[in-house]
Structures are given as C-alpha cells and as structure tokens.
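In terms of the working numbering, the sequence shown is residues 3 to 263.
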Amino acid sequence: MTGRILCRLARAPFTLGYVAVLLAVSCALLMLSPHAHDVLVQRASTNVDNLTHGHLGTLLGSAAVVVDSGPLYFWLPFLACLLALAELHLRTIQLVVAFFVGHIGATLLVAVALAAAIEAGWMPLSVARASDVGMSYGALAVLGAMTAAMPRRWRPAWIGWWVAAGLASAVIGADFTDAGHTVAMILGVLVSTRFRQPIHWTPVLLLMLAASSGFGFLVLAHHWGTMAAAPVCGALGAFVAYKIAQFNSARSVLPVPALVG
3 MTGRILCRLA RAPFTLGYVA VLLAVSCALL MLSPHAHDVL VQRASTNVDN
53 LTHGHLGTLL GSAAVVVDSG PLYFWLPFLA CLLALAELHL RTIQLVVAFF
103 VGHIGATLLV AVALAAAIEA GWMPLSVARA SDVGMSYGAL AVLGAMTAAM
153 PRRWRPAWIG WWVAAGLASA VIGADFTDAG HTVAMILGVL VSTRFRQPIH
203 WTPVLLLMLA ASSGFGFLVL AHHWGTMAAA PVCGALGAFV AYKIAQFNSA
253 RSVLPVPALV G
C-alpha cells in the first residue's frame, strides 16, 4: 500500500513541488513583521506599476505568495487535491502549461485592461499599485483544463457551468480580480482543446473532483453577493450549453435528402 502511494506521488512532481513552495513561503510570511510582509507582497505583485517598470519576474513569483485566502490548513489541501487530480490524468506537462497560461495570461490581460482604464481616467491611479498575488488564476485555469478529462457528452455542460458562473461573479463582484478569475477559467478551457485525456471516473476520482470543484467555486465566487447568483447562472449556462450541443449533434446526423432528376 505504501509503495503504491509513493508511486502515485512520484507521478505528481509539480503538485508536490508547488505545494512545498507555497507552504514554505506562507510560513515565512507569518514570521515577518507587518511592514516586511507588506513590502514583500508589494514587490511580488503583478500590478500595473511593477509590470510597467519591467519587474517581469513577478509573473512567476506572484504565484508563490498567497495572502487573504483564509487559513493555510483549509485552502492548501484543496488546492493540492485539484492539482494532483489534474496532474495524474492530464500529465505534468499539460498541467504546467494550463497553470501558467492561465496565471500569466490572465495577469497580463487584466494588467492591460487596468492600464487602459487608468489612462482613460475611469480608475484611480492607486489601482496601479494594488497588490495582486496568489495561486487563484492558475488554479482556476487548471480546473478549466479539466474539461479534457470530462466525458464528451458532458463537456458542454461543464464548460457552460464554469463560464456562466465566472461571468456572473465578474459582473456582480465588479473587481479586477474577479474578472481575472473568469479570464483564467476561459483560458484553461481553451487550452484543454489541445489535450486528449478522457479518464474512467472511479468513486475516489469523483470525490476528488467534487472537492476540487467546490474549492474552485469558492475561489470564483468569494463574495457573499455572488454566492447565490453564481450557481443559478452556472446552472442556466450548463443547461443552455448542453441543449445547444444536443441540437448540433442531432443536426449532424440528419439524413441528406437525395436529389432526383
């Protein structure tokens, strides 16, 4: 039994390494003074000010710094569950691609939008220095990339649920981080089109998927105002997407009438 567990852990090197880094950095942050803590977070942030000054290392470093996400013992096991599920069935390279396409892609798109809004006077200049760190963009992109592991019949509903829930959260939350979460999720779904990893869902894997999905939903709809609206919009999006896919499938199998003459 121990050998089997170690064998499975060896198949998830990114998950193990990333979780170890998060654990080490989070523990180090707890030991810093409030001033040193704020300075470190500011320097690691992928905000407009840092990026426009050429601090591109923050695009990677920010993923290792997690603040304001609740107790470490709560979110880290769920994140590890999500990453392990994805790595075991999407494989390590695909997991890394999905994570960093979502993390870096969403970060840059949000930064460009914020820079344009600040330049147009729609947002105050202080937004350029707002802290923007964490694992949420990458985690949601990985959850979106799990589309590739879904049975083909249920993929439209899966996509419809997450995209609709994400859009509702972005609109209601009206925050650039909420928009970034939705962008990251969509990027993960788009990346999944390059993956071909359908799996056989066992009860244990379904339990891991449920835990990962619950974690992803809490990240996506972390405001009280979105907790009620996001599931409703997600369910509507899943239903519409499923029916559209069903309609398109029915059209594709309609017999072509023979031409007489």
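Positions of the beta carbon are idealized from the N, C-alpha and C atoms, including for glycine.
Limits of the unbroken alpha helix (DSSP H) element including residue i
i	result
L58	Careful: L58 lies outside any alpha helix (DSSP H) and carries neither H nor E.
A22	P15 to M33
A38	P36 to A46
Coarse secondary structure for residue i, derived from DSSP in three states
i	result
L261	Here L261 scores only 47 on pLDDT, less than 50, and its place in the model is too uncertain to base an answer on.
V2	Residue numbering for the chain in the displayed model covers 3 to 263; residue 2 lies beyond these limits and cannot be assessed.
V68	coil
P153	coil
V49	A quick correction: the sequence has Asn, not Val, at residue 49. If DSSP states are grouped into helix, strand and coil, N49 belongs with coil.
R253	helix
beta-carbon residue i near the ligand ATP non-hydrogen atom, thresh 6 Å
i	result
V165	Ligands displayed in this structure: none; no statement on the ligand ATP is therefore possible.
_Pairs of beta-carbons, one from the region 78 to 88 and one from the region 209 to 216, closer than 8 Å: are there three or more?_
yes
*Let me know the alpha helix (DSSP H) ranges lying completely inside the region 70 to 136, each 4 residues or longer, listed in chain order.*
74 to 92 and 94 to 121
*With a floor of 3 residues, list each beta strand (DSSP E) that falls wholly inside the region 162 to 245, ordered by position along the chain.*
none
*asked:* Whether or not the region 104 to 119 and the region 136 to 145 are in contact is what I'm after, with contact meaning three or more pairs of Cβ atoms, one per stretch, closer than 8 Å; do they touch?
replied: yes
_Meets three-Cβ-pair contact criterion under 8 Å: the region 241 to 255 and the region 155 to 165_ = yes
*Three-pair Cβ contact test at 8 Å for the region 108 to 115 versus the region 191 to 200*: Verdict: no, contact absent.
*Between the region 61 to 69 and the region 22 to 39, are three or more C-beta pairs nearer than 8 Å?*
Segments in contact, yes.
*Does the pairing of the region 93 to 102 with the region 39 to 58 give three or more beta-carbon distances under 8 Å?*
no
*Segment contact flag, the region 35 to 42 with the region 178 to 190, C-beta cutoff 8 Å, min 3 pairs*: Flag = no, the region 35 to 42 and the region 178 to 190 do not touch.
*Taking one C-beta from the region 119 to 127 and one from the region 146 to 158 each time, how about it: are there three or more such pairs within less than 8 Å?*
no
*Within the chosen definition, does the region 219 to 232 reach the region 163 to 183 through at least 3 CB pairs nearer than 8 Å?*
In short, these stretches touch, since the Cβ pair count reaches three.
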